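Taken in order, these protein sequences are the chains called A, B, C and D.
For the numbering used here, add 224 to where a residue sits in the first sequence, where the first one is 1.
For the numbering used here, add 224 to where a residue sits in the second sequence, where the first one is 1.
For the numbering used here, add 224 to where a residue sits in the third sequence, where the first one is 1.
For the numbering used here, add 224 to where a residue sits in the fourth sequence, where the first one is 1.
There are 4 protein chains.
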Amino acid sequence: MHVIVDFTIVPIGVGVSLSGYVAACERILAESGLTCQLHANGTNVEGEWEAVFAAIRRCHETLHAMGVPRIHTDVKLGTRTDRAQTMADKLASIGKKLETNG
Amino acid sequence: MHVIVDFTIVPIGVGVSLSGYVAACERILAESGLTCQLHANGTNVEGEWEAVFAAIRRCHETLHAMGVPRIHTDVKLGTRTDRAQTMADKLASIGKKLETNG
Amino acid sequence: MHVIVDFTIVPIGVGVSLSGYVAACERILAESGLTCQLHANGTNVEGEWEAVFAAIRRCHETLHAMGVPRIHTDVKLGTRTDRAQTMADKLASIGKKLETNG
Amino acid sequence: MHVIVDFTIVPIGVGVSLSGYVAACERILAESGLTCQLHANGTNVEGEWEAVFAAIRRCHETLHAMGVPRIHTDVKLGTRTDRAQTMADKLASIGKKLETNG
């Protein structure tokens, strides 16, 4: 099952500077081979269900191994059976609507 | 890895009445043997990472098989390594604070 | 506009024990007169849009005043125009489906 | 209070094609004068608390006026008092960590 995910990880108990932990997760996602796109409030990830959730689990394991005692994560996920759709398709659909109905 | 999850599933493309789909997911979660607690905006689920995400995946598969063409799901998840904690523990901690600092 | 919200506040930079901060927010929500229900991963709140978001803002202001330097909050919110619906209605609908299609 | 938000709106009861509704919200956000960045699973918005939530409310009102009977929205929001931070700052911090610890 193909899934498009938005993933935000919030390390708790390691102070206010979180970018080093987010960068560690970016490397894990990049190594996973999944299509990823970082944005200001999380990372969009696209791929097969098992691969996506294995990567998210690896992020939790890695951050705990780096000394993060507690983690809060938000995942938004979308699946559809009516047609195949990528993250690029989603952005293209909205872009087309913005042009034509402007 | 033990995980506490809040899970909200939003079937898209099947009208505005969603309770039948939510009830189908409640049955899947109940059959999974995981500790679950339905609330007005989702369901709290607690257990081992793989079992929890397998149950969520089963909800997606089941709703698609029921004819839902598109699904949006929100998952909030917490893991911690400093101590074991259940959903009941979380509620008890807050309850204790409400009593003593009232 | 009537809104049903699920609200989860995550104080960052104050260690791993968060229940005191969650309890402070519970008191703010209780004083607001809004219908509220605490659960293991957040609080469900129901009321008029302005009152609900004013209460959430008050939670942020209060936690910052308590010394929390950074806050991450998740809000899920639902509005509908086809009919009036309360949080109790939502739970009752699912309950009825669980009984009849069991 | 300055807030950085990630906003995802899910119209319910109008079929599976949602891009026209998302485009309508993009126009509202653009007209609001707030700093916005669309991504594959939502839109990042930055500004003063009242202006940001007024824009989100306007999105709900507009979509209901377009005939959407039910809406589910996810908002992730961050505030901090230790220092001023923009969405561009967040991305720059992560980028710097990715370069130096690569």
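Built from N, CA and C at the ideal position, the CB exists for glycine as well.
Every value quoted in this text rests on a predicted model; they were computed, and no experiment measured them.
Check                                                                                                                        : Outcome
Closer than 7 Å to chain B by CB, residue 234 of chain D                                                                     : yes
Buried versus exposed call for residue 225 of chain B [16 or more other C-beta atoms within 10 Å across all chains shown]    : exposed
Stretch-stretch touch, CB-based, cutoff 8 Å, three pairs: the segment 260–267 of chain A with the segment 278–288 of chain B : no
Beta carbon of residue 264 of chain A nearer than 7 Å to that of residue 315 of chain D                                      : yes
Nearest-angstrom beta carbon gap, residue 287 of chain D and residue 245 of chain D [assumed within contact, 8 Å]            : 5 Å
Top-ranked residue by Cα proximity to residue 233 of chain D, from D:239, D:299, D:312                                       : D:299
8 Å contact criterion, which residue 274 of chain C and residue 311 of chain C should meet: CB distance rounded              : Contact doesn't hold; Cβ gap of about 18 Å is too wide.
Per-residue burial, residue 294 of chain D [other beta carbons within 10 Å of its own, 16 or more giving buried]             : buried
Any chain A beta carbon closer than 7 Å to residue 296 of chain D                                                            : no
Contact test: residue 242 of chain B Cβ vs the ligand GTP heavy atom, cutoff 6 Å                                             : The ligand GTP is not part of the structure shown, which contains no ligands of any sort.
Under 7 Å by beta carbon: chain D residues contacting residue 240 of chain B                                                 : 236, 237, 293, 294
7 Å Cβ cutoff met for residue 230 of chain B and residue 268 of chain B                                                      : yes
Where residue 303 of chain B sits in the DSSP three-state scheme                                                             : strand
Spatial distance of residue 251 of chain B from residue 324 of chain C (CA atoms)                                            : 12 Å
According to DSSP, residues forming a beta bridge with residue 272 of chain D                                                : D:226
Nearest-angstrom Cα separation, counted from residue 304 of chain D out to residue 228 of chain B                            : 26 Å
Reduced DSSP secondary structure (H/G/I, E/B, other) of residue 310 of chain D                                               : coil
Option nearest residue 255 of chain C by Cα separation, candidates C:242, C:283, C:266                                       : C:283
Strand pairing of residue 295 of chain A, partner residues [DSSP]                                                            : A:235, B:303
Burial state of residue 289 of chain C (16 or more Cβ within 10 Å)                                                           : exposed
is_contact[residue 256 of chain B, chain C] using C-beta, thresh 7 Å                                                         : no
Per DSSP, cross-strand counterpart(s) of residue 266 of chain C                                                              : C:263
Helix, strand or coil at residue 246 of chain C [DSSP, three-state]                                                          : helix
Nearest neighbour of residue 266 of chain B, chosen from B:291, B:235, B:313 [CA to CA]                                      : B:235
Check whether residue 317 of chain D and residue 243 of chain A have beta carbons under 7 Å apart                            : yes
Inter-residue spacing [alpha-carbon to alpha-carbon] between residue 291 of chain D and residue 321 of chain B               : 45 Å
Through-space distance from residue 248 of chain B to residue 313 of chain D, alpha-carbon basis                             : 44 Å
Residue-level contact to chain C via CB, residue 311 of chain B, 7 Å cutoff                                                  : yes
Cβ of residue 303 of chain C within 7 Å of any chain D Cβ                                                                    : yes
Simplified DSSP assignment, three categories, for residue 319 of chain A                                                     : helix
CB contact flag (residue 237 of chain B, residue 239 of chain D, <7 Å)                                                       : yes
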